[in-house]
Amino acid sequence: NAGVTQTPKFRVLKTGQSMTLLCAQDMNHEYMYWYRQDPGMGLRLIHYSVGEGTTAKGEVPDGYNVSRLKKQNFLLGLESAAPSQTSVYFCASSPAQQGRGYTFGSGTRLTVV
Amino acid sequence: ILNVEQSPQSLHVQEGDSTNFTCSFPSSNFYALHWYRWETAKSPEALFVMTLNGDEKKKGRISATLNTKEGYSYLYIKGSQPEDSATYLCALGDTGRRALTFGSGTRLQVQP
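Which chain is which? The protein sequence lines are A and B, in order.
Throughout the first sequence, residue numbering follows my numbering, covering 890 to 1002 in sequence.
Throughout the second sequence, residue numbering follows my numbering, covering 4 to 115 in sequence.
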């Protein structure tokens, strides 16, 4: 009964380094999302996917790329990390039909120094 | 970018008090309004999903109402308990994009 699993849970990067955050869900959900959470700003949508092989930009996509090669996985990439990308990143998934809430992962705390 | 506003930003109540929060949103292109409960060091958990004007949902001591015509939703907690302490998020789904826009939350602290 894993739900949504995010790896890693914590990471410290140097400016300019790259990394990939992995989100995996075992609920056969169609939709997946990446949000970032910063103090006083709530959850802001970075990118999302409505199905395998499809992705779309959210409110704050700059500096991030995503891929959804398999239905159960949604990857978030930082090509050249910047201090402004220090944040807590949450992945979520949901079924396609209306009336169902999101299931969130436990978050990844990323610090860029 | 949709503007989803929640008030108050934070709330301190005593155990046993009843309380309510407001979520305001633009009513055009509405398709769903979600409420989530987010405890410290945990992930947000879905409380309610409402899609119809006039919807009322209830789970134990927590209930929510929805007015899509005027663009607001209320979340009520009856007889608050210390374990209700959390941040309560509302989120709007609109027809233009299949992803939720979240408000910044109402942080509730219930004193024993």
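Note that beta-carbon positions come from the ideal geometry of N, C-alpha and C, so glycine has one too.
Just so you know, these numbers come straight off a predicted model, no measurement behind them.
{"Asked": "Close-in-space but distant-in-sequence residues of the same chain around GLY990 (chain A) (CB under 8 Å, 5 per side omitted)", "Found": "SER983"}
{"Asked": "Close-in-space but distant-in-sequence residues of the same chain around THR22 (chain B) (CB under 8 Å, 5 per side omitted)", "Found": "LEU14, VAL16, TYR79, ILE80, SER83 and LEU111"}
{"Asked": "Residues from the stretch 928-941 of chain A in contact with chain B, defined by Cβ distance under 8 Å", "Found": "GLY929, MET930, GLY931, LEU932, ARG933, LEU934, TYR937 and VAL939"}
{"Asked": "When B:ALA67, B:ALA102, B:LYS45 and B:GLU73 are compared against HIS936 (chain A), the one with the closest alpha-carbon", "Found": "B:ALA102"}
{"Asked": "PHE33 (chain B) at chain A interface by Cβ criterion, 8 Å", "Found": "no"}
{"Asked": "CB of GLY966 (chain A) within 8 Å of CB of THR909 (chain A), strictly", "Found": "yes"}
{"Asked": "C-beta atoms of GLU948 (chain A) and LEU964 (chain A) nearer than 8 Å", "Found": "no"}
{"Asked": "Contacting residues, own chain, Cβ-Cβ under 6 Å from VAL901 (chain A) (five flanking each side not counted)", "Found": "THR1000"}
{"Asked": "N- and C-terminal bounds of the beta strand (DSSP E) containing VAL16 (chain B)", "Found": "13-17"}
{"Asked": "Residue-chain proximity (PHE105 (chain B), chain A), Cβ-Cβ < 8 Å", "Found": "yes"}
{"Asked": "Chain B within 8 Å of SER982 (chain A), Cβ atoms only", "Found": "no"}
{"Asked": "Three-state secondary structure (DSSP) of SER995 (chain A)", "Found": "coil"}
{"Asked": "Within 7 Å of chain A by C-beta, residues of the stretch 42-69 of chain B in sequence order", "Found": "SER46, PRO47, ALA49, VAL52 and THR54"}
{"Asked": "Through-space distance from TRP923 (chain A) to PHE979 (chain A), alpha-carbon basis", "Found": "6 Å"}
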